[in-house]
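K.L.:
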Amino acid sequence: MKVIVAKTAGFCWGVKRAMDAVLEASVRNDGRAVQTLGPLIHNPQALDLIGKRGVAVAESPETVRDGTVVIRAHGIPIQDLRGLKERQARGELKIVNATCPEVAKVHHKIKKWSPKGYFTVILGTHGHAESVAHRSFAESGSAIVANMAEAEKLTDEQVKKVLVVAQTTFTVKDYHEITDYLRTRAGDAVFENTICEDTWTRQEEAERLARTVDAVIVVGGKASSNTKHLAELARKHGKPVQYLETAAELDLTAFTGSETVGVLAGASTPTWLVDEVVDVLEQLGDGPSRWRNFLQAAFGASFLMAIGAGLMTLGAHKWLGLPLGWRYPALTASYVIAMYLLSPFLDPLGLGAKGPARARFLERNQRILQASAVAALGLTLVLAATLGSKVLLVVIAACLVGALYKHRFPVGARVFSLRSIPGSKDLVVSLALASVAILLPVWQEGRAWDLRTFAAAFLVGVLAFVRTVIYEIRDMQNDQIIGKETLPIFLGKAATKVILLLLLGSLLAGTLWLTFQNRQQGHPLAVALVLVLCSAYPVLYLWLFHERFTTGRTRFELSVDFSFYLVGLLAIVC
66 MKVIVAKTAG FCWGVKRAMD AVLEASVRND GRAVQTLGPL IHNPQALDLI
116 GKRGVAVAES PETVRDGTVV IRAHGIPIQD LRGLKERQAR GELKIVNATC
166 PEVAKVHHKI KKWSPKGYFT VILGTHGHAE SVAHRSFAES GSAIVANMAE
216 AEKLTDEQVK KVLVVAQTTF TVKDYHEITD YLRTRAGDAV FENTICEDTW
266 TRQEEAERLA RTVDAVIVVG GKASSNTKHL AELARKHGKP VQYLETAAEL
316 DLTAFTGSET VGVLAGASTP TWLVDEVVDV LEQLGDGPSR WRNFLQAAFG
366 ASFLMAIGAG LMTLGAHKWL GLPLGWRYPA LTASYVIAMY LLSPFLDPLG
416 LGAKGPARAR FLERNQRILQ ASAVAALGLT LVLAATLGSK VLLVVIAACL
466 VGALYKHRFP VGARVFSLRS IPGSKDLVVS LALASVAILL PVWQEGRAWD
516 LRTFAAAFLV GVLAFVRTVI YEIRDMQNDQ IIGKETLPIF LGKAATKVIL
566 LLLLGSLLAG TLWLTFQNRQ QGHPLAVALV LVLCSAYPVL YLWLFHERFT
616 TGRTRFELSV DFSFYLVGLL AIVC
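If you're matching positions, the sequence shown starts at 66 in my numbering and goes up one per residue.
Following this line, the structure appears as structure tokens:
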């Protein structure tokens, strides 16, 4: 079976913003109640998970308790917001407004035209929280129109002077059909297409995908308006459609295992639910594609990082003037693979810390993954032994630190673990990689402990630190839900990014200064260019991933590990 996942599958940026806001509030609540006014988003599984973080749902403004209240992504009626602000002024409440900015734009348009006497027509779903909120801003009257039949029932008086807006998740095709009709009847009319870009992008992709596959799976909450529209669009192309909330609802008897299946997901559907569905579907296939998917899921990330770490070791050694060979890069690479594959099985939080879909994959393939990890660990120790007893002892120590990092040690009446210290994982990973790749070879080969040596260790350590922190920023929501104490959660996303920029700036300045101070090795401009690329790439990656992509699946795949590969270029230009 071939499974094609829509690139837009997963949270839209507005929903991600709302989830970030409520999870941040749950972490920094000072012991006070945290609640959302109405369901934050239309996805019961996501709401379940934030409920486990102590976030309650208040069904009405009257039931909001003192503490923190988060305004849902769909927005709330202006009268309700005013009431909450009065309580905030009295010190009873702290308001966190997570209304999607795209929804807020609709409010502003209604506030602009309604006072001028324009009747507001909202193309949307009756009773939907967003449309209800929109109506509260229309002081010259309003009506919700869900389809052409309802548009035809509008009176001549209502369309004499009219503003037409749309719920941000309305279907693009229906919007154009209804507005084209209203243009033939309206007198003084203002038409504002307020369907958000993410909505029409998803809808366009849904139609393209439905035309090319044998069947379509739509993942999302049954109350989600935008997810329903995706299912409707897929059905219009005559393909069998399964609309479900979780992988448990899949009807696997509908497949033979040889189909091409498209997977769509609404803007309020977490990517981990999509991953679960994809994981189940891929188990139905056989042959080369199934093995390719398995190898990619099992070893893709670890081998990508390991090869990069090996090349980074080679490049840094050339920059230091150490003798080049294959054993130190191979040692670094095998150490990375061993620690990467062993890590999830040593986590006291269990395999679930990696998310439901990943946990099921790890459980299903536990033996082969553990055997591969042990083989990589054995290779690491053999390579270390061939390089000398000092190398072997340091590598054993590094392996023990990696293995015991997540272990819980009883200390008196308390339990202590290194991982409980925010940022400790990032420091341990960076120090371990810098030690194995740089400090250990320098010690073994008898090179001087000069500024260049420490700069090389700083280069490797900072890039490793930045890599782990960027992945933590990317996985921040999942970690907050599980309860991990990572650096981005402890300091906040903005402060963490500032630290990364300062580290990368310091790295660039220091290595460039040393390059031009000592021009004996290679062409300084070529070396400088490589160092600039090494420092700039993580910043570029962070900007692309967080500013330019939707929060679903990226339009093209990038890996932050590529910065390791760039360091390897030093082996050519030095």
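Don't be surprised by glycine CBs; every beta carbon is placed ideally from N, CA and C.
Using 8 Å for Cβ pairs, my map puts residue 460 next to residue 446. What's the rounded Cβ distance?
P.N.:
7 Å
K.L.:
What's the gap between the Cα of residue 184 and the Cα of residue 206?
P.N.:
So the alpha carbons of these two residues sit roughly 5 Å apart.
K.L.:
Hey, which unbroken runs of the beta strand (DSSP E) at 3 residues or more fall wholly within the stretch 253-306?
P.N.:
Runs found: 253-256 and 280-284.
K.L.:
Using DSSP's beta-bridge definition, name the partner residues of residue 628.
P.N.:
DSSP, once it has assigned bridges, lists no residue as partnering residue 628.
K.L.:
Specify the secondary structure class of residue 476 as computed by DSSP and reduced to three states.
P.N.:
strand
K.L.:
Roughly how many angstroms lie between the CA atoms of residue 82 and residue 452, to the nearest whole one?
P.N.:
51 Å
K.L.:
Enumerated in chain order, which unbroken segments of the beta strand (DSSP E) with a length of 3 residues or greater are wholly contained in the stretch 198-243?
P.N.:
Whole beta strand (DSSP E) segments, 3+ residues: 207-210 and 226-231.
K.L.:
DSSP three-state label for residue 100, please.
P.N.:
strand
K.L.:
Alpha helix (DSSP H) containing residue 402: first to last residue?
P.N.:
392-407
K.L.:
Express the C-alpha separation of residue 575 and residue 116 in angstroms, rounding to a whole number.
P.N.:
Rounded to the nearest whole angstrom, the CA to CA distance from residue 116 to residue 575 is 47 Å.
K.L.:
Of all the alpha helix (DSSP H) runs that stay within the bounds of the stretch 319-376, which reach a length of 4 or more residues?
P.N.:
Along the length of the stretch 319-376, whole alpha helix (DSSP H) runs at least 4 residues long occupy 336-347 and 353-360, reported in chain order.
K.L.:
Over the uninterrupted beta strand (DSSP E) stretch that includes residue 580, give me the two end residues.
P.N.:
Where residue 580 is concerned, there is no enclosing beta strand (DSSP E), although the alpha helix (DSSP H) it sits in stretches over 558-582.
K.L.:
Sort 376, 364, 387 and 281 by Cα distance to residue 342 and report the nearest one.
P.N.:
281
K.L.:
When the Cα atoms are used, what is the spatial distance from residue 401 to residue 581?
P.N.:
32 Å
K.L.:
Since residue 233 contacts residue 174 with CB under 8 Å, what's their CB separation in whole angstroms?
P.N.:
Residue 233 to residue 174, Cβ: 12 Å. No contact.
K.L.:
Excluding the five sequence neighbours on either side, which residues of its own chain have a C-beta within less than 7 Å of the C-beta of residue 143, listed in chain order?
P.N.:
Cβ-Cβ distances below 7 Å link residue 143 to 201 and 202 in the same chain, with the five nearest sequence neighbours on each side left out; the list follows chain order.
K.L.:
Is there contact between the stretch 144-153 and the stretch 188-197, where contact requires at least three CB pairs shorter than 8 Å?
P.N.:
Under the 8 Å Cβ criterion, the stretch 144-153 does not count as touching the stretch 188-197, having fewer than three qualifying pairs.
K.L.:
Rounded to the nearest angstrom, what separates residue 256 and residue 79 at their Cα positions?
P.N.:
23 Å
K.L.:
With a CB to CB cut of under 8 Å and the five nearest residues on each side skipped, what residues in its chain are close to residue 520?
P.N.:
575, 576 and 579
K.L.:
Among 171, 434, 244 and 497, whose alpha-carbon lies nearest the alpha-carbon of residue 215?
P.N.:
When each option's Cα is compared against that of residue 215, the closest is 244.
K.L.:
For residue 148, name the three-state secondary structure that DSSP assigns.
P.N.:
helix
K.L.:
Given that a residue counts as buried once 16 or more other Cβ atoms are within 10 Å of its Cβ, and exposed if not, what is residue 431?
P.N.:
exposed
K.L.:
Going by the C-beta, is residue 237 closer than 7 Å to any heavy atom of the ligand HEM?
P.N.:
With respect to the ligand HEM, the structure shown offers nothing to examine, as it has no ligands at all.
K.L.:
Provide the residue span of the alpha helix (DSSP H) that contains residue 591, from first to last.
P.N.:
589-608
K.L.:
Starting from residue 184 and walking both ways along the beta strand (DSSP E), at which residues does that stretch end?
P.N.:
Counted as a single uninterrupted DSSP element, the beta strand (DSSP E) harbouring residue 184 occupies residues 184-188.
K.L.:
Answer with buried or exposed for residue 530, where buried requires no fewer than 16 other C-beta atoms within 10 angstroms of its C-beta.
P.N.:
Looking at its Cβ environment, which holds 16 or more other Cβ atoms inside 10 Å, residue 530 is buried.
K.L.:
What does a CB cutoff of less than 7 Å around residue 395 pick up in its chain, not counting 5 residues either side in sequence?
P.N.:
375 and 448
K.L.:
Can you tell which of 306, 632 and 333 has its C-alpha closest to the C-alpha of residue 325?
P.N.:
306
K.L.:
By Cβ distance, which residues of its chain are closer than 8 Å to residue 239, with the 5 residues on each side in sequence left out?
P.N.:
188, 212 and 213
K.L.:
The beta strand (DSSP E) with residue 129 in it runs from where to where?
P.N.:
That residue, residue 129, is in no beta strand (DSSP E); it is neither H nor E in DSSP.
K.L.:
For residue 180, which residues of its own chain have a beta-carbon under 8 Å away from its beta-carbon, when the five flanking residues on both sides are left out?
P.N.:
204 and 205
K.L.:
Give the DSSP-derived three-state secondary structure of residue 123 in the structure shown.
P.N.:
strand
K.L.:
When DSSP builds the beta bridges, which residues end up paired with residue 160?
P.N.:
In the DSSP output, where bridge partners are listed per residue, residue 160 has 134.
K.L.:
Measure the C-alpha to C-alpha separation of residue 137 and residue 491 and round it to an integer number of angstroms.
P.N.:
33 Å
K.L.:
Excluding the 5 residues flanking residue 355 on each side, which residues of the same chain have their C-beta closer than 7 Å to its C-beta?
P.N.:
347
K.L.:
Where does residue 425 land, buried or exposed, given buried means 16+ other C-beta within 10 angstroms?
P.N.:
buried
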